[in-house]
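Peer 1: In the working numbering, the protein residues as written are 253 to 625. Beta carbons are placed, not taken as given, at the ideal position from N, Cα and C, and that holds for glycine.
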Ligand code: NAD
Ligand code: GLY
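1) Please work out which residues of its chain come closer than 8 Å, Cβ to Cβ, to residue 635, disregarding the five sequence neighbours upstream and downstream, and give them in chain order.
2) With a threshold of 7 Å on Cβ separation, who are the neighbours of residue 333 within its own chain once the five nearest residues in sequence on each side are excluded?
3) Got a sec, what are the start and stop residues for the alpha helix (DSSP H) residue 586 sits in?
4) Classify residue 612 as helix, strand or coil using the three-state DSSP reduction.
5) Please state if the CB of residue 601 and the CB of residue 612 are separated by a distance shorter than 8 Å.
6) Please report the residue range of the beta strand (DSSP E) in which residue 412 lies.
7) Could you compute how far the alpha carbon of residue 493 sits from the alpha carbon of residue 578?
8) Between residue 273 and residue 424, how many whole angstroms is the CB-CB distance? I'm expecting something under 8 Å.
9) Shortest alpha-carbon distance to residue 551 belongs to which of 569, 599 and 584?
10) Expressed to the nearest angstrom, what Euclidean distance is found between the alpha-carbon atoms of residue 435 and residue 351?
11) Which whole-angstrom value describes the C-beta separation of residue 321 and residue 372, a residue pair presumed to lie in contact below a C-beta threshold of 8 Å?
12) Is it buried or exposed for residue 499, if we count other Cβ within 10 angstroms and need 16 for buried?
13) Looking only at C-alpha atoms, which of 370, 391 and 454 sits nearest to residue 430?
14) Determine the extent of the beta strand (DSSP E) in which residue 321 is found, giving its start and end residues.
15) Assign residue 253 to one of two classes, buried (16 or more other C-beta atoms within 10 Å of its C-beta) or exposed (fewer than that).
16) Taking residue 369 and residue 400 to be in contact with their CB atoms under 8 Å, please state how far apart those CB atoms are, rounded to whole angstroms.
17) Can you tell me whether residue 387 is buried or exposed, with buried defined as 16 or more other CB within 10 angstroms of its CB?
18) What do you reckon, is the C-beta of residue 399 under 7 Å from a heavy atom of the ligand GTP?
19) Are the CB atoms of residue 302 and residue 378 within a distance shorter than 8 Å?
20) Say yes only if the C-beta of residue 509 is nearer than 7 Å to one or more non-hydrogen atoms of the ligand GLY, and no if none qualify.
21) Measuring CB atoms only, is the region 552-566 touching the region 613-623, in the sense that at least three cross pairs come out at less than 8 Å?
22) How close, in whole Å, do the beta carbons of residue 422 and residue 484 come, if the pair is a contact with beta carbons under 8 Å?
23) Assuming residue 461 is part of the alpha helix (DSSP H), what are its boundary residues?
24) Using 8 Å for Cβ pairs, my map puts residue 478 next to residue 420. What's the rounded Cβ distance?
25) For residue 510, report the span of its alpha helix (DSSP H) as first-last.
26) If we count the other Cβ atoms within 10 Å of its Cβ and call it buried at 16 or more, is residue 407 buried or exposed?
27) Whole-angstrom Cβ separation of residue 271 and residue 432, contact assumed at under 8 Å?
28) Any heavy atom of the ligand GLY closer than 7 Å to the beta-carbon of residue 493?
29) Which term fits residue 549, buried or exposed, when burial requires 16 or more other beta carbons within 10 angstroms of its beta carbon?
30) Is it the case that the CB of residue 307 approaches a heavy atom of the ligand NAD more closely than 7 Å?
31) Indicate, with yes or no, if the ligand GLY has a heavy atom lying under 7 Å from the CB of residue 596.
32) Three-state secondary structure (DSSP) at residue 298?
33) Reducing DSSP to helix, strand and coil, say where residue 269 ends up.
34) I need the DSSP call for residue 257, collapsed to helix, strand or coil.
35) Using DSSP bridges, identify the partner residues of residue 600.
36) Taking residue 540 and residue 562 to be in contact with their CB atoms under 8 Å, please state how far apart those CB atoms are, rounded to whole angstroms.
If you want it as structure tokens, here you go:
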């Protein structure tokens, strides 16, 4: 079964690209690449883990289509989403004499996708780029919407661009080799979509995603192919609708950061070790619910059902004891999201609805943080 989600961005020239979601797509990746670019030659960027699992399948497909290719194999890990990797990739593209009509392909999770996308955005002022995401997080979030970046030693994702791919090819069979922990990183983002669903303005589809997630847990953890395909397609449709309204995060797109204000601070204070992005976002989502309750924005029932959903998916993580509230507050105040010394929060205001707030008192934030240990 294949689902195709269309992303449309009305910025002068219409940028539109498909997200193709289905089973066993990697074996035809060459054909998809051929159909979505004019590339004579492609550079496939991946990492050691993903290459050992899926490199051969992609190679065979490229051979079948007689597409000239080379692979660049990164070390595995967030720390390689850096300026050194970027330079090595520019060098590789130059040595291969890739031309504007050629293409760069990201095969892997969000780290590979973000880095490769930034290389594609900057090499020869922009070359065709295709995302082949292989983690749940990348299939529901990072491969869609064109945010590409590398980390700087002063912070995460500080050097980046908005650069849309020509195609996103999501083979759901690749999820079968993910560890449960990596699957749960993606599930934290999936649950996020439930809490922001109505604010995405995808009005023609009334999915009630929270309800869907409450009933489909077993199928999701079993990676039932039809359920995963439906779930990934719906998350992509929600994100595509937000990006269509606000590609460059001038307003609405901020809602995609629901749970990330506290989440990013937790990740930063743990030096991006011992606690992963999904765990930090899950903590941040709980924090957002507590803050919203503290500001009387939501009823207790809604908060409790949200906390239950987080529990149901095994995402009830705690802030590690060694991180102090003071450090978390400092991290939040130094974040990109701070305006006039007020931390910006996306908070629930109704079931599936959120709004953006710059007026949360520091005392409320601190009292909520205490509940998250
Ligand atoms: P990741 O790319 O590091 O992948 C997680 C781990 O899974 C890695 O060890 C990877 O080698 C392994 N892996 C990948 N595919 C696999 C597979 N099919 N089977 C087995 N193992 C596999 O991390 P991620 O969670 O995919 O992405 C995180 C990154 O995404 C962060 O850098 C974050 O900043 C970025 N991000 C970007 C956006 C965006 O909009 N651009 C959104 C969210 C997150
Ligand atoms: N992951 C947040 C965004 O794409 O805007």
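Peer 2: On the basis of the coordinates in this document:
1) Beyond the ends of the chain as shown, which are 253 and 625, falls residue 635; an answer cannot be given.
2) Only 363, 366, 367, 402 and 403 meet the Cβ criterion.
3) Start and end: 577-586.
4) In the structure shown, residue 612 falls within a coil segment according to DSSP collapsed to helix, strand and coil.
5) No, they are not a contact pair.
6) Per DSSP, the unbroken beta strand (DSSP E) holding residue 412 starts and ends at 407-414.
7) Computed Cα separation, rounded: 37 Å.
8) So it is a contact: roughly 7 Å between Cβ atoms.
9) Looking at the Cα atoms, 599 is the closest of the given residues.
10) Our two residues, residue 435 and residue 351, have alpha carbons roughly 37 Å apart in a direct line.
11) Actually they do not touch by this definition, with Cβ atoms about 15 Å apart.
12) Within 10 angstroms of the beta-carbon of residue 499 lie 16 or more other beta-carbons, which makes it buried.
13) Comparing Cα-Cα distances from residue 430 to each of 370, 391 and 454, the minimum goes to 391.
14) Secondary structure note for residue 321: its beta strand (DSSP E) is the uninterrupted segment 320-326.
15) Counting Cβ neighbours within 10 Å, residue 253 comes out exposed, since fewer than 16 surround it.
16) That pair is a contact at about 3 Å.
17) Buried, since its Cβ has 16 or more Cβ neighbours within 10 Å.
18) As presented, the structure is devoid of the ligand GTP, carrying the ligand NAD and the ligand GLY as its sole ligands.
19) No, they are not a contact pair.
20) Yes.
21) No, the region 552-566 does not touch the region 613-623.
22) About 6 Å; that satisfies the 8 Å criterion.
23) Taken as a continuous stretch (DSSP letters only), the alpha helix (DSSP H) holding residue 461 covers 461-467.
24) Actually they are not in contact, since the Cβ atoms of residue 478 and residue 420 sit about 20 Å apart, beyond 8 Å.
25) Residue 510: not part of any alpha helix (DSSP H); DSSP gives it neither H nor E.
26) The residue is exposed, with fewer than 16 neighbouring Cβ atoms inside 10 Å.
27) Incorrect: roughly 25 Å between the Cβ atoms, too far for contact.
28) Outside the cutoff, so no.
29) In summary, residue 549 is buried, with 16 or more beta-carbon neighbours lying within 10 Å of its beta-carbon over all protein chains present.
30) For the ligand NAD, not one heavy atom lies less than 7 Å from the Cβ of residue 307.
31) False, no ligand heavy atom lies under 7 Å from that Cβ.
32) In the three-state scheme derived from DSSP, where H, G and I count as helix and E and B as strand, residue 298 is classed as strand.
33) DSSP places residue 269 in strand when its eight states are reduced to three.
34) Strand.
35) The beta-bridge partner set that DSSP reports for residue 600 consists of 606.
36) Between residue 562 and residue 540 the Cβ distance is about 11 Å, and since that is not below 8 Å, they are no contact.
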